[in-house]
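First the structure, in the form of structure tokens, and then the observations on it.
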Amino acid sequence: MERSNKHLKEVNATGAKIASVLPDDPRPWWKRPNLLKLYLLLCNFVLFASSIGYDSAITNSIQAIPSWLEFMNEPSGTWLGFISASPFVGTCGTIFFIPYICDRFGRKVVIYMTVLCIWIGSIVGASARNPASYIVSRIFMGLSFSCNYAASVWISEIAYPTSRGRFSAAYHAIYYFGSVLCGWVVFGTQYISGNVSWRIPLALQAAIPTLLLPALIYAPESPRWLVSVGEIEKARQVLLKFHANYEDAYLPLVELEMQEIIAGIEALRVNNISSWRSLVATPGNRKRLFISCFLGVAFAWNGQGIVTWYLSSVFVAVGITATWKKTLLNACIQLFNLLVAITGAILVDHVGRRRLFLISIVGLFFSFIGLTTITAVYTQLHRNIGQAIIVFVFLVYAFQAIAFAPMITSYPSELWPQATRSKGLFTAMFFLNGATFFNIFVNPIALDAIGWRYYCVYLGVQVIIFVVIYLTFPETKGYSLEEIALIFDKDQATQAGLEADLEEKQSARVSVKELSI
Numbered sequence: 017m018e019r020s021n022k023h024l025k026e027v028n029a030t031g032a033k034i035a036s037v038l039p040d041d042p043r044p045w046w047k048r049p050n051l052l053k054l055y056l057l058l059c060n061f062v063l064f065a066s067s068i069g070y071d072s073a074i075t076n077s078i079q080a081i082p083s084w085l086e087f088m089n090e091p092s093g094t095w096l097g098f099i100s101a102s103p104f105v106g107t108c109g110t111i112f113f114i115p116y117i118c119d120r121f122g123r124k125v126v127i128y129m130t131v132l133c134i135w136i137g138s139i140v141g142a143s144a145r146n147p148a149s150y151i152v153s154r155i156f157m158g159l160s161f162s163c164n165y166a167a168s169v170w171i172s173e174i175a176y177p178t179s180r181g182r183f184s185a186a187y188h189a190i191y192y193f194g195s196v197l198c199g200w201v202v203f204g205t206q207y208i209s210g211n212v213s214w215r216i217p218l219a220l221q222a223a224i225p226t227l228l229l230p231a232l233i234y235a236p237e238s239p240r241w242l243v244s245v246g247e248i249e250k251a252r253q254v255l256l257k258f259h260a261n262y263e264d265a266y267l268p269l270v271e272l273e274m275q276e277i278i279a280g281i282e283a284l285r286v287n288n289i290s291s292w293r294s295l296v297a298t299p300g301n302r303k304r305l306f307i308s309c310f311l312g313v314a315f316a317w318n319g320q321g322i323v324t325w326y327l328s329s330v331f332v333a334v335g336i337t338a339t340w341k342k343t344l345l346n347a348c349i350q351l352f353n354l355l356v357a358i359t360g361a362i363l364v365d366h367v368g369r370r371r372l373f374l375i376s377i378v379g380l381f382f383s384f385i386g387l388t389t390i391t392a393v394y395t396q397l398h399r400n401i402g403q404a405i406i407v408f409v410f411l412v413y414a415f416q417a418i419a420f421a422p423m424i425t426s427y428p429s430e431l432w433p434q435a436t437r438s439k440g441l442f443t444a445m446f447f448l449n450g451a452t453f454f455n456i457f458v459n460p461i462a463l464d465a466i467g468w469r470y471y472c473v474y475l476g477v478q479v480i481i482f483v484v485i486y487l488t489f490p491e492t493k494g495y496s497l498e499e500i501a502l503i504f505d506k507d508q509a510t511q512a513g514l515e516a517d518l519e520e521k522q523s524a525r526v527s528v529k530e531l532s533i
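Under the working numbering, think of the first position of the sequence shown as 17, with each following residue one higher.
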């Protein structure tokens, strides 16, 4: 029964084909040197997302500090929107160039660029002499966003098969670790007089990538990228070292992985599927592109944006005005987000990607009804119920973090084959950042113009998101990266030698359900 339960978990995470070559190894992962090293590296690469989270929380957090407001000329409306959206100018302006570097020179080179951009943005921001130099620093931080996504690609391409889903989802879930750090740093520095109170948080942005640099230097390149550039033996050595520990019992796993990677890449090469044009060249790729880009837009417009970027304004709207109270609530909310997002990353292989998305958007819809109602009653009737909005703010964050946070990068990465994975993911991130830029820029203008009524717009958008997810998003739980091609490109999968088709996979799942019973 113990073997059966373990086999059930392996099939849920990887599919029956990979699970069939995994030996019955009683050792936990921490007693296997190769997995201990790999998981430590993966944890370090996952933490790169926390630098995005830290930066994304900066403007929202320091809005509550009077000295920053004075330095930035008391921003509101259009000016506040531009300040908050300025990082995405850098992101959207460069994000289509990054995949060329990522595919030509490797994933690690792009991550080194992330570190460099954060260093520059942190130094310029912390030493800013006027609002213009502060905006320049924000644009450099936006450049780091577009490079940072290469870490997500690296994670999905090197992770051990049984833990790929969790680590891929953990990348963006740990985004909130940076938000937590930022929230508590700002809460601590608010009591320092003068501009130092907001310059210290900006300077500390450089700490995260600096601490992660040793792991980046030590880490190997993605084995799938190595195969794509003809370094097949190097790729095999990476898998032997980190997936098999050179043990005979795990050699069939490495051989199967290599077989699928090589066959998949060769089939794509034969079909010339590697250019930007290939993203729309086949029905399967067009569906991938639609889902990836829609997910990016949905992340920006599912309602969390108005809370994330203008939390201070939301609190002021219902009478919460004390600086210490706003910064404390923000810090507690970020910690809550981190815990929920990690929970979502753990659940992806148990509940499934599609179901988590649906649970998330339904929860957001009902949470926004409460958020809208309380704000309207407080504003229109002047009843002292503003404090109750805190509950619904927590609920909005919870339902957003349980699915959208962990899967915004991992789900698109799973949908695309190796040859177009970086282009597909970066295109999705372009739509995410473009939609976020528009959202952030428009939100303060709309809030000033129509107040709480603007929340109703998001209720309509959430209904549309639910319908699209329900009708178009496939479930990817239980498939290897190469086998996911079966969902979109059955003909290409057959050319690649991936003999198990969708019917066989479904049969395997039925067998697994019987086994669990």
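Glycine included, C-beta positions come from ideal geometry on N, C-alpha and C.
- Secondary structure in the segment 86 to 141: the alpha helix (DSSP H) runs of 4 residues or longer, each lying completely within the stretch, are 93 to 101, 103 to 110 and 114 to 121 in chain order.
- Between Ser294 and Ser195, the CB-CB gap reaches or exceeds 8 Å.
- For Pro217, the secondary structure class from DSSP, reduced to helix, strand or coil, is helix.
- Here the alpha carbons of Thr436 and Trp292 stand approximately 8 Å from one another.
- The segment 423 to 505 is shown to contain no whole beta strand (DSSP E) run of 3 or more residues.
- In the structure shown, Gln275 falls within a helical segment according to DSSP collapsed to helix, strand and coil.
- Under the three-state reduction of DSSP, Thr388 is assigned to helix.
- Of the candidates Leu448, Gly181, Tyr150 and Ile117, Gly181 places its Cα closest to the Cα of His366.
- The residue from Val409, Arg371, Gly368 and Ser376 with its alpha-carbon nearest to that of Leu387 is Val409.
- For Pro115, the closest C-alpha among the options Met445, Lys257 and Pro147 is that of Met445.
- In its chain, beyond the 5 residues on either side, Val254 have a beta carbon closer than 7 Å to the beta carbon of Pro236.
- Each of Gly158, Arg48 and Val407 was checked against the Cα of Thr110, and the nearest Cα belongs to Gly158.
- Of all alpha-carbon atoms in Ile485, Ile424 and Phe352, the one lying nearest the alpha-carbon of Tyr192 is that of Phe352.
- Taking C-beta atoms as the reference points, Val105 and Ile155 count as a pair closer than 8 Å.
- Here the alpha carbon of Cys108 sits roughly 13 Å from the alpha carbon of Tyr165.
- Looking at the backbone, the Cα of Leu57 and that of Ser184 are separated by about 13 Å.
- By the Cβ criterion, the segment 132 to 152 is not in contact with the segment 454 to 467, since fewer than three pairs of Cβ atoms, one from each stretch, lie closer than 8 Å.
- Beta-carbon to beta-carbon, Leu497 and Ser172 are separated by about 7 Å, close enough to satisfy the 8 Å threshold.
- Cβ neighbours of Ser376 within its own chain (closer than 7 Å, five residues either side excluded): Phe415, Gln416, Ile418, Ala419 and Phe420.
- Runs of the alpha helix (DSSP H) lying entirely within the segment 200 to 267 and spanning at least 4 residues, in chain order: 212 to 219, 223 to 234, 239 to 244 and 248 to 255.
- DSSP, reduced to helix, strand and coil, places Gly360 within a helical segment of the structure shown.
- The C-alpha of Trp200 lies about 22 Å from the C-alpha of Tyr150.
- In the structure shown, Leu54 adopts helical secondary structure according to DSSP, grouped into three states.
- The residue from Asn50, Leu272, Ser438 and Met129 with its alpha-carbon nearest to that of Val37 is Leu272.
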